[in-house]
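See below for the structure under consideration.
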Amino acid sequence: MRIAIVTPYPPSAGSLNEYAFHFIRFLRQKPEVKEIFVLTDELPGDQAYPADTDWQPGTATLRIVPCWRFGALDNALRIARTARSLAPDIVLFNIQFASFGRSKPSAALGLLAPMMVRAAGLATIVLLHNIMETVDLKSAGFGGNPLVEGVIRAFGTVSTRILLRADLLAVTIPRYVEILEKKYGVSNVLLAPHGAFDEAPPPTFDAPPGPLQIMTFGKFGTYKKIEPLVVAFRLLQKVRQDLELVIAGTDSPNAPGYLEGVRQANADLQGLRFTGYVAEEDVPRIFQDASVVVFPYTSTTGSSGVLHQAGNYGRAVVLPQLGDLAELIAEEGYTGEFFTPDDPQSLADAMTRLLDDPERRRAMGTQNYLAACGLPMAEVVEWYLIHAANILAIRAARGQTSGKLPTFGHR
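The structure is reproduced here in structure tokens:
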């Protein structure tokens, strides 16, 4: 099987790049996969994607094809043309609603790509990490006033109908399946487990020596807000000095300059450290050095890759009491200390309960590790390959072959 995957991919800082890295890492180990094309975004300046140096005999070759640009208006057409020229057996989209642009037009137009690829005669699977029906637009950086939010919701509904034109649309939360089937009357939506990124041996569940690290990881500035966490950290510092707050990651593409603003506003705060972009090889150390991992979210936009990473490295977590995260905890067997969103005192109290109780941290980290082990990424990849084979068999039975790309203008 020759597979194309449309997704940001490291060192691109685009949303879902880490999920793509680990998904592809396991995908290329499958014997039924011969070749993988990563249709990814162009890097800024003179940066370039590294050559494939990890190929081993018996694994799929990997070719990185930068063919779209975050924020451009013609991404869908460029992706469709590239996919058709490569002629893979199936095209998988690893996306969410803001994958292709910060502005509303670029984000919406980019979501036409799956439909255009399918119109070119290629089989398509869309892994959609969030759905518009559950997104808090204001927190996610796309809201302004009720009228604007209403317009975005309407376009979101249209975009969802377009995405549902794929052969299969996969989501990672059971409630999303129910919402989409009920609202749109479709039968091609399936639940796909998120999966744990690594199959690592049992980690050390105890905190390393030195200051206790409070760590948060991700892309910040929209629904992931640092300010309440910083205020909570200041509250903790009034009663103890053995703490460090580590902000690991970068700005969200929708909030450029956000972390630098937080840094400047808290230049006086001792123990606050920003790591910047974290390369994949440094991710294990970032988690293993942490005593607790905090999720300073004001809303959620789907399943959390960071939660699965925290579980993989056996870390206790502090979570907001929000619908999607609470549902994921219940569904997949994770556990955490909960706090009220946007309430620094509630967050400080939740962190204190863990920082003051090493045995509770160990027990929680152990449970989260076992939950992560229950859904390895290798099995999730197998799930996609089974459905890809079914789609190809159905299309072959119907005699569907590659067609011409519809003309929507020129590059």
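Note that the working numbering gives residue 1382 to position 308 of the sequence shown, counting from 1, and the numbers run on in steps of one.
The beta carbon of each residue, even a glycine, is placed where N, CA and C say it ideally should be.
All values derive from a computational prediction rather than experimental measurement.
Just mark residue 1234 as buried or exposed, buried being the case when its beta carbon has 16 or more other beta carbons within 10 Å.
-> Buried is the call here.
Residues near residue 1147 by beta carbon distance below 7 Å, same chain, minus five either side | Correct list, in chain order: 1179, 1180 and 1183.
Contacts around residue 1266, its chain only, beta-carbon distance under 8 Å, and the 5 residues preceding and following it disregarded = Excluding positions up to five away in sequence, the list reads 1201, 1244, 1245, 1246, 1454, 1457 and 1458.
Own chain residues within Cβ distance below 8 Å of residue 1095, not counting five before or after = Non-local beta-carbon contacts of residue 1095 in its own chain, meaning distances under 8 Å to residues more than five positions away in sequence, involve 1083, 1084 and 1354 in chain order.
Where are the beta strand (DSSP E) runs, 3 residues long or more, that stay fully inside the stretch 1245-1291, in chain order?
-> If only complete runs of 3 or more residues are kept, the stretch 1245-1291 shows the beta strand (DSSP E) at 1263-1265, in order along the chain.
Which residues share a DSSP beta bridge with residue 1115?
-> Beta-bridge pairing by DSSP links residue 1115 to 1142.
Residue 1461 and residue 1199 closer than 9 Å at C-beta = With respect to the 9 Å criterion, residue 1461 and residue 1199 are classified as neighbours on the basis of their beta carbons.
Three-state secondary structure assigned by DSSP to residue 1298 | It is a strand residue.
Beta-carbon separation (whole angstroms), residue 1133 vs residue 1170, contact threshold 8 Å = Residue 1133 to residue 1170, Cβ: 28 Å. No contact.
Would you report the Cα separation of residue 1168 and residue 1225, rounded to the nearest angstrom?
-> Distance between the alpha carbons of residue 1168 and residue 1225: 25 Å.
Decide if residue 1478 is buried, meaning its Cβ has at least 16 other Cβ atoms within 10 Å, or exposed.
-> Since pLDDT at residue 1478 reaches only 44, below the 50 mark, its modelled position is unreliable, and the value read off the structure follows with that caveat. Its Cβ having fewer than 16 others within 10 Å, residue 1478 is exposed.
Note down, one range per segment and in chain order, each alpha helix (DSSP H) of at least 4 residues found wholly within the stretch 1125-1187.
-> Runs found: 1149-1160 and 1178-1184.
Would you tell me roughly how many angstroms separate the C-alpha atoms of residue 1175 and residue 1144, rounded to the nearest one?
-> Distance between the alpha carbons of residue 1175 and residue 1144: 5 Å.
Measuring CB to CB, does residue 1347 end up less than 9 Å from residue 1310?
-> The Cβ atoms of residue 1347 and residue 1310 lie no closer than 9 Å to each other.
Mark residue 1482 as exposed unless 16 or more other C-beta atoms lie within 10 angstroms of its C-beta, in which case mark it buried.
-> Legend: pLDDT at residue 1482 = 39, less than 50; position of this residue unreliable, no value from coordinates given.
Is any heavy atom of the ligand COA found at a distance shorter than 8 Å from the C-beta of residue 1102?
-> Among the components of this structure there are no ligands whatsoever, and the ligand COA is therefore not found.
In terms of residues, what are the limits of the beta strand (DSSP E) holding residue 1202?
-> 1197-1202 is the span of the beta strand (DSSP E), which, as asked, contains residue 1202.
Tell me residue 1054's beta-bridge partners as DSSP assigns them.
-> Given a span of 1075 to 1485 for the chain in the structure shown, any question on residue 1054 remains unanswerable.
Where do the N-terminal and C-terminal ends of the alpha helix (DSSP H) with residue 1439 fall, by residue?
-> Counted as a single uninterrupted DSSP element, the alpha helix (DSSP H) harbouring residue 1439 occupies residues 1432-1447.
Would residue 1372 pass as a contact of residue 1416 if the rule is Cβ separation under 9 Å?
-> Cβ atoms of residue 1372 and residue 1416: closer than 9 Å.
Over what stretch of residues does the beta strand (DSSP E) that includes residue 1347 continue unbroken?
-> For residue 1347, the enclosing beta strand (DSSP E) has its first and last residue at 1346-1350.
Those residues which DSSP pairs with residue 1390 across a bridge = According to DSSP, which records beta bridges pairwise, residue 1390 is partnered with 1366.
Measure from the alpha carbon of residue 1075 to the alpha carbon of each residue in 1135, 1269 and 1429, then state which is nearest.
-> Comparing Cα positions, the closest option is 1135.
Can you tell me which of the three DSSP states residue 1317 falls into?
-> Annotated three-state conformation of residue 1317 is strand, per DSSP.
Beta carbon of residue 1109, beta carbon of residue 1152: below 9 Å?
-> In this structure, residue 1152 does not lie closer than 9 Å to residue 1109 by Cβ.
If we count Cβ pairs, one from each stretch, closer than 8 Å, do we get three or more for the stretch 1378-1393 versus the stretch 1433-1451?
-> Touching, per the Cβ criterion.
Leaving out five residues before and five after residue 1401 in sequence, what residues of the same chain have Cβ atoms less than 7 Å from its Cβ?
-> Taken in chain order, the residues that qualify are 1247 and 1249.
Cβ-based burial, residue 1256 [other Cβ within 10 Å; buried from 16] = Under a 10 Å Cβ-count criterion, residue 1256 is classified as exposed, with fewer than 16 other Cβ atoms of the shown protein chains found around its own Cβ.
Who pairs with residue 1323 in a beta bridge, going by DSSP?
-> Residue 1323 pairs with 1292.
Would you call residue 1259 buried or exposed, if buried means 16 or more other Cβ atoms sit within 10 Å of its Cβ?
-> Around the Cβ of residue 1259, a 10 Å sphere holds fewer than 16 other Cβ atoms; the residue is exposed.
Check whether the Cβ atoms of residue 1284 and residue 1325 lie closer than 9 Å to each other.
-> For residue 1284 and residue 1325, no; Cβs fall outside 9 Å.
CA-CA distance, residue 1431 and residue 1113?
-> C-alpha separation (whole angstroms): 46 Å.
Could you name the residues that DSSP lists as bridge partners for residue 1243?
-> 1200 and 1263, per the DSSP bridge assignment.
Could you check what DSSP says for residue 1085 in three-state terms: helix, strand or coil?
-> The three-state secondary structure of residue 1085, taken from DSSP, is coil.
For residue 1411, the first and last residue of its enclosing alpha helix (DSSP H) | Segment 1411-1413 is the beta strand (DSSP E) holding residue 1411; no alpha helix (DSSP H) there.
With distances taken Cα to Cα, identify the nearest neighbour of residue 1156 among 1079, 1467 and 1446.
-> The residue with the shortest Cα to Cα distance from residue 1156 is 1079.
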